[in-house]
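**Student:** Encoded as structure tokens, here's the structure I'll be asking about.
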Amino acid sequence: IKASSKAVDPEKQTGSVFGMAAWPPSVCGIGVGLLQLFFIFLLERSLGVSSAFTVFVAQLCRIPIFSRLVPELAKFTYGLKNATPLLFAIGAVSGSLLSSCLSQTFPLGKENGANIYNSILGGFFLLMGSRIAGGCTSGQGISGVTHLLVGSFVATAAMFGGGILFAITYSFAKVDLASGTL
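full-length UniProt numbering numbers the first residue of the sequence shown as 1 and each following residue consecutively.
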């Protein structure tokens, strides 16, 4: 897939919701809510994706030398409960790719502020941090808030506040760098 040559227009439509560059928040919210209900009632677990990273790395434990080095990961190598986060993560990536193809946008490139290498590296560090902290942003923001956990409300507000603060700081730094001053 080739990155688009111009900035992504979130209002771009090609006939249906599947062809939109950005889906309406109401459609996405309903979809995530239904998915959360599916996870809670049928799989008896909450929606979250950072454990998929643990399951993926745990597959190395099938190699004898790694199973001796990190025996704690052995419990993540088998079973449906361990497979669902990995399948969910694969589905999320596949769905994102399908959405980009259907809307004829691939929002990576200088004009959209990200390149594929920085995006992958940033995603890796985000996953490492979330596993070190024992949870991920989707687990806090979606599952924790669904269960009305006070800590999840605080964490979600902090994540949004941190993101907004970073965006404001970054936009000022960009302006200063463009003028040649820091």
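Note that CB positions come from ideal geometry on N, CA and C, so glycine has one too.
(1) Buried or exposed, going by whether 16 or more other CB atoms sit within 10 Å of the CB of glycine 33?
(2) Methionine 20 to serine 99, Cα distance in whole Å?
(3) Taking the alpha carbon of threonine 84 as the reference point, which residue from Gly48, Ser138, Leu121, Gln104 has its own alpha carbon closest?
(4) Are the Cβ atoms of serine 130 and phenylalanine 76 separated by less than 9 Å?
(5) What's the gap between the Cα of glycine 161 and the Cα of alanine 133?
(6) Hey, is the stretch 37-45 in contact with the stretch 116-128, meaning 3+ C-beta pairs nearer than 8 Å?
(7) Checking 9 Å against the spacing of the C-beta atoms, do serine 46 and histidine 147 come in under that value?
(8) Just how far apart, CA to CA, sit alanine 74 and alanine 158?
(9) Could you name the residues of the same chain whose beta carbon sits closer than 6 Å to that of residue 192, not counting the 5 residues immediately before and after it, in chain order?
(10) From leucine 126 to arginine 68, what does the alpha carbon distance come to, in whole angstroms?
(11) Taking the C-alpha atoms as reference points, what is the distance between cysteine 61 and proline 71?
(12) Pick helix, strand or coil for glutamate 44, following the three-state DSSP scheme.
(13) Once you ignore the five residues that flank isoleucine 142 on each side, which residues in its own chain have a CB closer than 7 Å to its CB?
(14) Which word fits glutamine 104, buried or exposed, when buried means at least 16 other C-beta atoms lie within 10 angstroms of its C-beta?
(15) Using only CA atoms, which one of Leu80, Ile30, Pro64 lies nearest to leucine 42?
(16) Which same chain residues, not among the five before or five after valine 145, have their C-beta less than 7 Å away from its C-beta?
**Tutor:** Let me spell this out:
(1) The residue given as residue 33 occupies position 33 in the sequence shown. So glycine 33 ends up on the exposed side.
(2) As a first step, residue 20 must be located in the sequence shown, where it is residue number 20. As a first step, residue 99 must be located in the sequence shown, where it is residue number 99. The C-alpha of methionine 20 lies about 8 Å from the C-alpha of serine 99.
(3) As a working mapping, residue 84 is identified with position 84 in the sequence shown. Cα-wise, what sits closest to threonine 84 is Gly48.
(4) Residue mapping note: residue 130 aligns to position 130 of the sequence shown, counting from 1. Residue mapping note: residue 76 aligns to position 76 of the sequence shown, counting from 1. Cβ distance not < 9 Å, so serine 130 and phenylalanine 76 don't count as in contact.
(5) Walking along the sequence shown from the start, residue 161 turns up at place 161. Walking along the sequence shown from the start, residue 133 turns up at place 133. Each residue's alpha carbon lies about 19 Å from the other.
(6) no
(7) Along the sequence shown, read from residue 1 onward, the residue named residue 46 stands at position 46. Along the sequence shown, read from residue 1 onward, the residue named residue 147 stands at position 147. Yes, the pair counts as a contact, with Cβ atoms nearer than the cut-off.
(8) For the purposes of this step, residue 74 is identified with residue 74 of the sequence shown, where counting begins at 1. For the purposes of this step, residue 158 is identified with residue 158 of the sequence shown, where counting begins at 1. Cα to Cα, alanine 74 sits roughly 34 Å from alanine 158.
(9) With the chain running from 1 to 182 in the structure shown, residue 192 is simply not present.
(10) Counting from 1 along the sequence shown, the entry for residue 126 is found at position 126. Counting from 1 along the sequence shown, the entry for residue 68 is found at position 68. Each residue's Cα considered, the two are about 27 Å apart.
(11) Position 61 of the sequence shown, counted from the start, is the residue given in the question as residue 61. Position 71 of the sequence shown, counted from the start, is the residue given in the question as residue 71. Cα to Cα, the separation comes out at about 8 Å.
(12) The residue labelled residue 44 in the question sits at position 44 within the sequence shown. Note: glutamate 44 maps to coil in three-state DSSP.
(13) Taking the first residue of the sequence shown as 1, we reach residue 142 at position 142. For isoleucine 142, where only same-chain residues beyond five positions count, the Cβ hits under 7 Å are Val32, Gln36, Leu47.
(14) Here residue 104 refers to the residue found at position 104 when the sequence shown is read from its first residue. The residue in question, glutamine 104, is exposed, as its Cβ has fewer than 16 Cβ neighbours within 10 Å.
(15) Numbered from 1 along the sequence shown, position 42 holds the residue referred to as residue 42. Among Leu80, Ile30, Pro64, the Cα nearest to that of leucine 42 belongs to Leu80.
(16) Working through the sequence shown from its first residue, we reach residue 145 at position 145. Correct list, in chain order: Ser152, Phe153, Thr156.
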